[in-house]
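Per my numbering: the sequence shown = residues 6 to 91.
Glycine residues also receive a C-beta, built at the ideal position from the N, C-alpha and C atoms.
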Amino acid sequence: MKVHIEDDLYITSDERQFCLSQLRKSMDKEGNEKEYFVHLGFYSSLGGLINDFIKRKIKETPSTTLCELLQEVRNIEAYVKSKVQI
């Protein structure tokens, strides 16, 4: 499984776990672009991965007051909900 979340972040999986993965690009010796994943976290459930993604987004906020932080958390929750609507 390879599901795009945003920018360079993806959900990948194997038979045992879900991974929060970042797509990286580099050049090989011949000058060809090569893509590969760097795994940021491993999770036994999709819910655990989503919770960690939310925590990572919260930690990236530039908030300096509790009110700003609360608004950012609400924005992040709304963003995640918009991504998973069926």
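Worksheet item: Ile81 and Ile55: beta carbons closer than 8 Å?
Response: no
Discussion item. Rounded to whole angstroms, what is the Cα-Cα separation between Tyr41 and Arg29?
Written reply: 5 Å
Fill in: Buried or exposed (CB count within 10 angstroms, at least 16 for buried), Leu25
buried
Worksheet entry | Coil, strand or helix - Arg21 by DSSP | coil
Fill in: Terminal residues of the beta strand (DSSP E) in which Gly46 lies
Glu38 to Tyr48
Item to complete: Please determine if the stretch 62 to 70 and the stretch 33 to 53 are in contact, where contact requires at least 3 C-beta pairs separated by less than 8 Å.
Response: no
Discussion item. Out of Ile16, Asn37 and Glu35, which one is the CA nearest neighbour of Gln27?
Written reply: Ile16
Worksheet entry | Nonlocal neighbours in the same chain, by C-beta distance under 7 Å from Leu74, ignoring five residues either side | Thr66 and Ser68
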